[in-house]
Amino acid sequence: MRSGQVAAAAGVNQQTLRYYERRGLLAEPRRTPGGHRLYPADAITRLRVIKAAQRLGFTLQEVAELLEAGTHRHQPPDAGLRARVRTKLTEVEARIADLTVIAGTLRQALTAGCADLIECSHQPACPLPFTELAVPATDDAPARPPPEPVGVIRRA
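In full-length UniProt numbering, the protein residues as written are 1 to 156.
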């Protein structure tokens, strides 16, 4: 199949095909005497797998490692995909927890009626995490340390 056909069937553009070739994610195809790339039919499946892995949060480097691990059948089954998926799931769950905190803070900002960041920072009911920064230090009350960024969750 020619590059345009493969790209259309896989839902990517032709530049993506070339980029994946350069990155080693896709084998360099054979060429016609005129120099046109000719891909095997399984290139479409490989491209779809790459795009699906990216949608699941894997970087192209991680995808390359997953594809490479899949070619080594002598490894224990847990050494490749399963271990990497377990790691990615842990990362995604941590991001979800962070985003849940952020969403809650944003809801509180809406409820509090925050319309201007500077003005809101001076209000005691402001839920945004910079309220401590708005309180100046006095002789009898030292400046408070800056709060942790929104979404940072301390793990025990």
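For every residue, glycine included, the Cβ atom is placed at its ideal position computed from N, Cα and C.
Where residue i and residue j are concerned, what is the direct C-alpha to C-alpha distance, given to the nearest angstrom?
i, j, result
"A43", "A125", "57 Å"
"V49", "R31", "24 Å"
"Q14", "L47", "12 Å"
"H36", "T100", "50 Å"
"A9", "Y20", "16 Å"
"C114", "E93", "29 Å"
"R107", "R82", "37 Å"
"A53", "I102", "26 Å"
"T16", "R55", "15 Å"
"R84", "T90", "10 Å"
Compare the C-alpha of residue i against each of the options and name the closest.
i, options, result
"R2", "V63, C114 and L38", "L38"
"A27", "T45, I102 and R55", "T45"
Within this structure, are the beta carbons of residue i and residue j separated by less than 9 Å?
i, j, result
"G80", "L66", "yes"
"K51", "G11", "yes"
"A64", "R23", "yes"
"K88", "E68", "no"
"P40", "P29", "yes"
"L25", "L60", "yes"
Contact check, residue i vs residue j under 8 Å by CB: the rounded distance?
i, j, result
"L128", "C120", "6 Å"
Any heavy atom of the ligand MG inside 8 Å of the beta-carbon of residue i?
i, result
"S3", "Absent from the structure shown: the ligand MG. Ligands present: none."
Per DSSP, which one or two residues make a beta bridge with residue i?
i, result
"L38", "R2 and R30"
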